[in-house]
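To keep things clear, I will list the structure first and then write my remarks on it.
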Amino acid sequence: MKRREQCRKFTAGRIILEKYIENPDLTINMSKEDKEEYVPVERNVSNIVRKMIKLMYKLSIASKRL
Numbered sequence: 149m150k151r152r153e154q155c156r157k158f159t160a161g162r163i164i165l166e167k168y169i170e171n172p173d174l175t176i177n178m179s180k181e182d183k184e185e186y187v188p189v190e191r192n193v194s195n196i197v198r199k200m201i202k203l204m205y206k207l208s209i210a211s212k213r214l
């Protein structure tokens with residue numbers, strides 16, 4: 149998966165996750181589309197976060213070399 153795609157996927161998933169964390173009552177009327185997006189995000193968030201941290205670390209080191 150490309151780095152920018154990982155960032156976009158993480159951001160989109162995080163927005164959905166935060167929406168339901170902030171207002172759990174919304175889960176009662178969750179659309180089928182949101183359910184399909186929310187469940188994989190919830191399962192894969194640690195994996196995606198790990199990849200994002202590695203990417204940020206690499207970019208940080210690269211910028212210090214310039």
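Heads up: the sequence shown is residues 149 to 214, going by this note's numbering.
Ideal Cβ positions, reconstructed from N, Cα and C, are used throughout, including at glycine.
Discussion item. Here's a check: name, in chain order, each residue in its chain whose Cβ is nearer than 6 Å to the Cβ of Gln154, leaving out the five neighbours to either side.
Written reply: Lys199
Worksheet item: In whole angstroms, what separates the C-alpha of Val197 from that of Glu181?
Response: 23 Å
Worksheet entry | Inter-residue CB distance, Thr159 and Tyr168 (contact presumed, cutoff 8 Å) | With 8 Å as the limit, Thr159 and Tyr168 do not qualify as a contact, their Cβ atoms being about 16 Å apart.
Item to complete: Could you spell out where the alpha helix (DSSP H) holding Thr159 opens and where it closes?
Response: Arg151 to Glu170
Worksheet entry | Check: Leu174 C-beta below 7 Å from any heavy atom of the ligand FMN | No copy of the ligand FMN appears in this structure; indeed no ligand is present at all.
Worksheet item: Based on Cα-Cα distance, which residue from Glu170, Gly161, Arg152 and Lys150 lies nearest to Ser194?
Response: Gly161
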